[in-house]
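Participant:
Numbering (my numbering), first residue to last: 9 to 531.
Structure follows, in structure tokens:
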């Protein structure tokens, strides 16, 4: 009995202690409730930020893995999957040739813009434009006594734009009709001399098409002295139409000639029409498509492209024109040339970034969105390159794919797999020549600065700074060389531009046109 009572007392004591403990814990929780709520909110914010960053990084890793897998697929001598079920037996693949495979993916900057830290860099560039506008208004108010924004350079650059657009119409119609009609003539069934006559007529039409694309824009630019921006429209469209015409025929002719007379004709005209406008230079009958069009995204990209044009004009007006406008009036000296190159490195790299963002991101993404074109990889992370070979591959993927498919790979097919350096040299020679032609067309004079930088120095850097070099130091070196290269281009081209206006030729001769005027102009 006594033992039973003692057990009951012990149990009651334990119960009282437990109640006290529970009450004490309740009081502690009551006091710590506000801190717990704040801590929970903080952890939720951290979790959200972590998930956003993890999603972006995971998407990038998956895209890279998918791209590397797709690029490595043809190396195993297996047949490539067709881009369309209707074209299984229409084409014959050349041996050991990698074909561009299109997949649905976003542009890299669109993915990076989802990260707040990267958006801050974008905001810094916008702040820089605001500072340029404010400085322009302040200087005009101090000098002129009134607020005004000078758009003389912008108006001059886009002068005679309607004439350039009118010239574009026959260029487009020729590209729309002639290559496709030529392919249809070549695809006719074999019937004695009738096929030979049709094939000959197709060759004549194609030659006339190429001659028109090569001669008409040059004639209009020289005859009417088109300013830089209007000339830029014509030369870019000229090069684009030539590259697209070649890609269309290169991708379809081998298969058409193989199956001629078997009831399989040319691809649909709608697929060719879509190809002329979609942002790629590699022809396929079908491409991956997005489900809908985001018109606000289209408007945003066009607005950003226009903002980049205004940004470039402000940079030229404020940072380049005051320095180079009167430089040709002074005696030439190595010191002045070196200082001008170093002064032009900042504006030069800004112009490079603006051209990249305006064209390769905004312009191409706007057209891709309007056409529901799914593959938006127009560039890769070229800014992380530690070698110039990687920089050339990732800066402009659209053009690189064309050069790789139709110059490098076809060169290997013709010359043999052991002629890799010769094929690579052919790529550099063609790319440098076309770049120099574009500069000559836009500026209206021949001054082979781009040719020397791209072919000579760029070729040497491509073979010396290759993919074996990694690490932050090599990335710093690449950016340093980019700064210097852009400074040389901006400085020399600006000097030549003003020298040709300050020192016109008394008599037009061939050597006078091709000899740099800035070397001897001292009015």
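Each residue gets a CB set at the ideal place from its N, CA and C atoms; glycine is no exception. Please read these numbers as outputs of a predicted model, since none were measured by experiment.
1) Relative to the C-alpha of residue 326, which candidate in 356, 313, 306 and 338 has its C-alpha closest?
2) Contact defined as beta carbons within less than 8 Å: I believe residue 234 pairs with residue 172. What is the distance between those atoms, to the nearest angstrom?
3) Within 10 angstroms of the Cβ of residue 313, are there 16 or more other Cβ atoms? Answer buried if so, exposed if not.
4) Identify which residue in 506, 510, 465 and 513 has its Cα closest to the Cα of residue 493.
5) At the level of alpha carbons, what is the spacing between residue 207 and residue 194?
6) How is the alpha helix (DSSP H) around residue 418 delimited, first residue to last?
7) Specify whether the segment 218-235 and the segment 359-378 touch according to this definition: at least 3 beta carbon pairs, one from each stretch, less than 8 Å apart.
8) For residue 507, which of 403, 417, 431 and 333 has the nearest alpha-carbon?
9) Assign residue 134 to buried or exposed, taking buried as 16 or more other Cβ atoms, counted over all protein chains shown, within 10 Å of its Cβ.
10) Leaving aside the five residues before and after residue 285 along the sequence, list all residues of the same chain whose C-beta is less than 8 Å from its C-beta, in chain order.
11) Within 10 angstroms of its Cβ, does residue 527 collect 16 or more other Cβ (buried), or is it exposed?
12) Would you mind sorting residue 151 into buried or exposed? The rule is 16 or more other CB atoms within 10 Å of its CB.
13) Can you say whether residue 512 is buried or exposed, counting buried as having 16 or more other CB atoms within 10 angstroms of its CB?
14) Closest by CA to residue 189, which one among 175, 215, 168 and 174?
15) What three-state label does DSSP hand residue 343 in the structure shown?
16) Identify the continuous alpha helix (DSSP H) that holds residue 404 and give its terminal residues.
17) Quick one: measure Cβ to Cβ for residue 340 and residue 291, integer angstroms, because I've assumed they're closer than 8 Å.
18) If residue 458 and residue 399 are in contact, beta carbons under 8 Å, what's the gap, nearest whole angstrom?
19) What residue range does the alpha helix (DSSP H) around residue 517 cover?
20) By a C-beta neighbour count over all protein chains shown, 10 Å radius and 16 as the cutoff for buried, is residue 277 buried or exposed?
21) Taking residue 163 as part of the alpha helix (DSSP H), name the residues at either end of that continuous run.
22) Exposed or buried, which one is residue 401 when buried takes at least 16 other CB atoms within 10 Å?
23) Just the Cα atoms here: how many angstroms apart are residue 540 and residue 497?
24) Could you tell me if residue 488 is buried or exposed, where buried requires 16 or more neighbouring beta carbons within 10 angstroms of its beta carbon?
25) I think residue 121 touches residue 113, with their Cβ atoms under 8 Å apart; what is that distance to the nearest whole Å?
26) Classify residue 346: buried if its beta carbon has 16 or more other beta carbons within 10 angstroms, exposed otherwise.
27) Threshold first: 4 residues or longer. Then list the alpha helix (DSSP H) segments lying entirely within the segment 354-387, N to C.
28) Would a C-beta distance cut-off of 7 Å place residue 532 and residue 183 closer than the cut-off?
29) Please confirm if the segment 352-369 is in contact with the segment 428-440, defined as three or more CB-CB distances below 8 Å between the two stretches.
30) Which residues in the same chain as residue 405 place their Cβ atom closer than 7 Å to its Cβ, once the five residues preceding and following it in sequence are excluded?
31) Taking residue 252 as part of the alpha helix (DSSP H), name the residues at either end of that continuous run.
Facilitator: Working from what's here:
1) To locate residue 326, count along the chain shown from 1; it is residue 318. Considering only alpha carbons, the answer is 356.
2) Mapped onto the chain shown, residue 234 falls at position 226. Mapped onto the chain shown, residue 172 falls at position 164. Between residue 172 and residue 234 the Cβ distance is about 6 Å, and since that is below 8 Å, they are a contact.
3) Numbered from 1 along the chain shown, position 305 holds the residue referred to as residue 313. Residue 313 comes out buried.
4) In the chain shown, counting from the first residue as 1, residue 493 sits at position 485. Cα-wise, what sits closest to residue 493 is 465.
5) The residue given as residue 207 occupies position 199 in the chain shown. The residue given as residue 194 occupies position 186 in the chain shown. Cα-Cα distance, rounded: 5 Å.
6) Translated into the one-based positions of the chain shown, residue 418 becomes position 410. Counting along the chain, the alpha helix (DSSP H) containing residue 418 begins and ends at 417-423.
7) The answer is no - the segment 359-378 does not touch the segment 218-235, with fewer than three Cβ pairs under 8 Å.
8) Within the chain shown, the letter at position 499 stands for residue 507. Checked all of 403, 417, 431 and 333; the closest Cα to residue 507 is 333.
9) Locating residue 134 in the chain shown gives position 126, where the first residue counts as 1. Looking at its Cβ environment, which holds fewer than 16 other Cβ atoms inside 10 Å, residue 134 is exposed.
10) The residue labelled residue 285 in the question sits at position 277 within the chain shown. Around residue 285: 375 and 379.
11) By 1-based counting over the chain shown, the position of residue 527 is 519. Its Cβ having fewer than 16 others within 10 Å, residue 527 is exposed.
12) The residue given as residue 151 occupies position 143 in the chain shown. Residue 151 is exposed by the Cβ-count criterion.
13) Position 504 of the chain shown, counting from 1, holds the residue named residue 512. Around the beta carbon of residue 512, fewer than 16 other beta carbons sit within 10 angstroms, so the residue counts as exposed.
14) Position 181 of the chain shown, counting from 1, holds the residue named residue 189. The shortest C-alpha separation from residue 189 is found at 215.
15) Here residue 343 is taken as the residue at index 335 of the chain shown, counted from 1. If DSSP states are grouped into helix, strand and coil, residue 343 belongs with the helices.
16) What you label residue 404 is simply residue 396 of the chain shown in a count that begins at 1. Looking at the DSSP string, residue 404 is not in any alpha helix (DSSP H), and its letter there is neither H nor E.
17) Locating residue 340 in the chain shown gives position 332, counting from the first residue. Locating residue 291 in the chain shown gives position 283, counting from the first residue. Taking a contact as a CB-CB distance under 8 Å, the pair residue 340 and residue 291 does not count as one, their CB atoms being some 50 Å apart.
18) Here residue 458 is taken as the residue at index 450 of the chain shown, counted from 1. Here residue 399 is taken as the residue at index 391 of the chain shown, counted from 1. Not quite, the Cβ-Cβ distance comes to about 16 Å (not below 8 Å), so this is no contact.
19) Counting from one through the chain shown, the residue named residue 517 turns up at place 509. No alpha helix (DSSP H) contains residue 517, which DSSP labels as neither H nor E.
20) In the chain shown, the residue the question calls residue 277 occupies position 269. When all chains shown are included, residue 277 counts as exposed.
21) By one-based count along the chain shown, residue 163 stands at place 155. Unbroken alpha helix (DSSP H) run through residue 163: 160-165.
22) Stepping through the chain shown from its first residue, residue 401 is reached at position 393. Residue 401 counts as buried, since at least 16 other C-beta atoms from the protein chains shown sit within 10 angstroms of its C-beta.
23) Because the chain spans 9 through 531 in this model, residue 540 falls outside it and cannot be assessed.
24) As a position in the chain shown, residue 488 is number 480, starting the count at 1. With fewer than 16 other Cβ atoms within 10 Å, it is exposed.
25) For the purposes of this step, residue 121 is taken as residue 113 along the chain shown, with counting starting at 1. For the purposes of this step, residue 113 is taken as residue 105 along the chain shown, with counting starting at 1. Going by Cβ atoms, the distance from residue 121 to residue 113 rounds to 15 Å, so no, they are not a contact pair.
26) Residue mapping note: residue 346 aligns to position 338 of the chain shown, counting from 1. Note on residue 346: under 16 other CB atoms within 10 angstroms of its CB, so exposed under the neighbour-count rule.
27) For the segment 354-387, whole alpha helix (DSSP H) runs of length 4 or above, ordered along the chain, are 372-378.
28) Residue 532 lies beyond the range of the chain shown here (9 to 531); nothing can be said about it.
29) They do not touch, by the three-pair rule.
30) Taking the chain shown and counting its residues from 1, the one referred to as residue 405 is at position 397. These residues qualify, in order along the chain: 385, 386, 387 and 388.
31) Mapped onto the chain shown, residue 252 falls at position 244. Residue 252 -> alpha helix (DSSP H) spans 236-266.
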